[in-house]
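Colleague: Let me begin by handing over the structure; questions about it come next.
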Amino acid sequence: MPDARPDRDGPRRQEQQGEPEQREGLGTGPGRLLVALYAVFTVGAGSRSIYQLATRFDEAPLAYTLSAVAAVVYAVILVALVRGGRTSRRIATAGCALELAGVLIVGTLTLVDPEAFPDSTVWSDYGMGYLFIPLVLPVAGLLWLRRAPRDGTDGAARPAG
Numbered sequence: 001m002p003d004a005r006p007d008r009d010g011p012r013r014q015e016q017q018g019e020p021e022q023r024e025g026l027g028t029g030p031g032r033l034l035v036a037l038y039a040v041f042t043v044g045a046g047s048r049s050i051y052q053l054a055t056r057f058d059e060a061p062l063a064y065t066l067s068a069v070a071a072v073v074y075a076v077i078l079v080a081l082v083r084g085g086r087t088s089r090r091i092a093t094a095g096c097a098l099e100l101a102g103v104l105i106v107g108t109l110t111l112v113d114p115e116a117f118p119d120s121t122v123w124s125d126y127g128m129g130y131l132f133i134p135l136v137l138p139v140a141g142l143l144w145l146r147r148a149p150r151d152g153t154d155g156a157a158r159p160a161g
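Taking my numbering, I'd label the letters of the sequence shown as residues 1 to 161.
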């Protein structure tokens, strides 16, 4: 028979009783827009790259492989944002940093050496073909991760100073 007393131990007591830990995902509140955009880009970049790799790989192998890498990065960030928690926050932060680096590097390479990219990627020309969302998205993600409320597993109570 379950204990009827108030739960003073919080999530630890719930875990001991077999109930899952309650944690708020990073994709709540304004983070929902980030989750939605990462979902769209995961599906879009993923389906596009799968098709291109399967049917036209020999035309632009570097571009199509980079699109597949972008899709994987988007998917990892998406899952981390939805899951929440300390580890997921770190994964999402690393993913956003990697995405930003990818957009900046690939964007610069497509301008400096366009012959290396006979077809575009999600990150080509800094995401110009996608209204520069690939350039803005990781910056918005990093800002959200920095400002988003932290749940109890994140150690939200930081000392002042």
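Think of the CB as a built atom: it goes at the ideal place given N, C-alpha and C, for glycine as much as any other residue.
Remember, it's a predicted structure, so these values are computed and weren't measured experimentally.
1) Identify which residue in Ala60, Pro138 and Thr93 has its Cα closest to the Cα of Phe41.
2) Could you check which residue in Ala148, Leu98, Pro114 and Leu145 has the C-alpha nearest to that of Pro165?
3) Helix, strand or coil for Ser67 per DSSP?
4) Contact check, Ala36 vs Leu53 under 8 angstroms by CB: the rounded distance?
5) If you follow the alpha helix (DSSP H) that Ser49 is part of, which residue opens it and which one closes it?
6) Please classify Gly10 as buried or exposed, where buried requires at least 16 other C-beta atoms within 10 Å of its C-beta.
7) Nearest to Gly44 by CA position, among Ser88, Ala60, Pro61 and Val73, is which residue?
8) How many Å lie between Arg89 and Leu62 at the Cα?
9) For Leu142, collect the residues of the same chain with a Cβ closer than 6 angstroms to its Cβ; drop the 5 residues on either side in sequence, then sort them by chain order.
10) Can you tell me whether DSSP reads Asp119 as helix, strand or coil?
Modeller: In brief:
1) Residue 41 sits at position 41 when you count from the first residue of the sequence shown. Of Ala60, Pro138 and Thr93, the residue nearest in Cα terms is Pro138.
2) Beyond the ends of the chain as shown, which are 1 and 161, falls residue 165; an answer cannot be given.
3) In the sequence shown, the residue the question calls residue 67 occupies position 67. It is helical.
4) In the sequence shown, counting from the first residue as 1, residue 36 sits at position 36. In the sequence shown, counting from the first residue as 1, residue 53 sits at position 53. Not really, about 26 angstroms apart at Cβ, beyond 8 angstroms.
5) For the purposes of this step, residue 49 is identified with residue 49 of the sequence shown, where counting begins at 1. Here the alpha helix (DSSP H) through Ser49 covers Gly31 to Arg56.
6) Residue numbering aside, residue 10 sits at position 10 when the sequence shown is read from its first letter. With a pLDDT of 46 at Gly10, under the threshold of 50, the modelled position of that residue is not reliable, and the figure given next carries that caveat. So Gly10 counts as exposed.
7) Start at 1 with the first residue of the sequence shown, and residue 44 comes out as number 44. When each option's Cα is compared against that of Gly44, the closest is Val73.
8) Here residue 89 refers to the residue found at position 89 when the sequence shown is read from its first residue. Here residue 62 refers to the residue found at position 62 when the sequence shown is read from its first residue. Those two C-alpha atoms are separated by around 30 angstroms.
9) Here residue 142 is taken as the residue at index 142 of the sequence shown, counted from 1. Counting only Cβ-Cβ distances below 6 angstroms, and skipping sequence neighbours, we find Cys96.
10) The residue you call residue 119 lines up with position 119 of the sequence shown. Coil.
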